[in-house]
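Working notes for the structure below.
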Ligand SMILES: [Zn+2]
Ligand SMILES: [Zn+2]
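Numbering (full-length UniProt numbering), first residue to last: 1 to 337.
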């Protein structure tokens, strides 16, 4: 096999996950887990997705918040209650391990919800099938899931955990999280744009763009340097510029994850990024699900929509693209998902 051919085989593409139909006895452990844990999206021949017709429904911030907030606040309330009633603090290693498990539940619930929405509303650019994972890259997605589960919570603990401090959140939390996210997104914006515009840096981002019609689990389908940058460098730099308390940073990490997953889910709906859009939507600078979907579709040079959490920096630096299916005239605000 030539190098070009083997590279091509690594590309997520429609129907590439036909390996999931192999008998269990022929599946590797990783394949078995990806199938069993419902990570893969049903392909078009397994599920009849709605065709992209008519106006798109909305899933505005408040609706998203109703689903996410109770789950995000619960571990903070539980630790507060534990410390208040027992007088003990929580060992960081124990809390870190509990956090890993809890985050997985959070992500799985969110992921499952997004799949249910795609079944109900179909996909953007829905005449074209969504990409699927080729057999020789199952290890990559599995490793990303594992890294994501371990590394980001670790960052939150290393940066901000103080076991003797009672959990607390400010009434200004939404504003704090929005500012923090905008700072992290500024760092991300320039790093991302540089990989598109500086030829020698493109190789660090190229793999992520091998998917033109991503699905949620392809969020982290990227080369190692990009994975590290996305997961650690931009939030750590943001923290150095604008430190948050442990509980705020923990909530931020959950919300941030949920937006990243949503941005790759391809659902045909108007879904704004929850951390910054309440602040930015009045100015038309919110990021919605379609913005990053279009960024994938129209790939490398002369691309646009480099922000991952807002369109604020894209607007300021002149790289904000036009929406297609979720353009204002095609959104039905009376129709919720
Ligand atoms: Zn890109
Ligand atoms: Zn992406």
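For each residue, glycine too, the CB sits at the ideal point set by N, CA and C.
Can you tell me which of 315, 299, 204 and 123 puts its alpha carbon nearest to the alpha carbon of residue 42?
123
Contact between the stretch 223-237 and the stretch 87-98 is defined here as three or more beta-carbon pairs at a separation below 8 Å; is this criterion met?
no
Buried versus exposed, by CB contacts within 10 Å (16 or more), residue 337
buried
Look at the alpha carbon of residue 156 and the alpha carbon of residue 149, and state the distance between them as a whole number of angstroms.
12 Å
Which residue marks the beginning of the alpha helix (DSSP H) containing residue 314, and which one marks its end?
312-316
Distance check for residue 255 and residue 111, CA to CA, integer angstroms please.
13 Å
So, at 7 Å on beta carbons, what are the nonlocal neighbours of residue 61 in its own chain, with the 5 sequence-adjacent residues on each side left out?
272, 274, 277 and 278
6 Å Cβ shell around residue 239 - same chain, five flanking residues per side excluded:
159
Relative to ligand 1, is the shortest distance from any of its heavy atoms to the C-beta of residue 310 smaller than 7 Å?
no
Using the DSSP secondary-structure output, state which residues sit across from residue 56 in a beta bridge.
331
Nearest residue (CA-CA) to residue 284, options 315, 219 and 22:
315
Report yes if the CB atom of residue 141 is closer than 8 Å to the CB atom of residue 217, and no otherwise.
yes
Which ranges would you report for the alpha helix (DSSP H) in the stretch 221-263 if only whole runs of at least 4 residues count?
224-228, 234-241 and 246-263
Where does residue 195 fall in DSSP's three states?
helix
Sequence-ordered residues whose beta carbon comes within less than 7 Å of a heavy atom of ligand 2:
208, 214, 219, 263, 264, 292, 295 and 296
Burial state of residue 262, where buried means 16 or more other Cβ atoms lie within 10 Å:
buried
Please say whether residue 269 and residue 229 have beta carbons closer to each other than 8 Å?
no
N-terminal and C-terminal residue of the alpha helix (DSSP H) that residue 140 is part of:
138-160
Which residues mark the beginning and the end of the alpha helix (DSSP H) in which residue 108 is found?
92-121
Measuring CB to CB, does residue 259 end up less than 8 Å from residue 294?
no
Near ligand 1: residue 110 beta-carbon under 7 Å from a heavy atom
no
List the endpoints of the continuous alpha helix (DSSP H) containing residue 73.
61-86
Which residue comes first and which comes last in the alpha helix (DSSP H) that contains residue 277?
277-280
So does residue 303 have its beta carbon nearer than 7 Å to some heavy atom of ligand 1?
yes
Here's the rule I'm using: 16 or more other beta-carbon atoms within 10 Å means buried, otherwise exposed. How should residue 305 be labelled?
buried
When you compare each of 205, 187, 98 and 139 to residue 241 by their alpha carbons, which one comes out closest?
187
Going by the DSSP bridge assignment, what does residue 272 pair with across the sheet?
288
Should residue 192 be listed as close to ligand 1, given that the test is whether its C-beta is under 7 Å from any heavy atom?
yes
Compare the C-alpha of residue 335 against each of 114, 120 and 44 and name the closest.
120
Should residue 248 be labelled buried (16 or more other beta-carbon atoms within 10 Å of its own) or exposed?
buried
With hydrogens ignored, establish whether the beta-carbon of residue 205 is closer than 7 Å to any heavy atom of ligand 1.
yes
Please report the distance separating the alpha-carbon of residue 222 from that of residue 13.
15 Å
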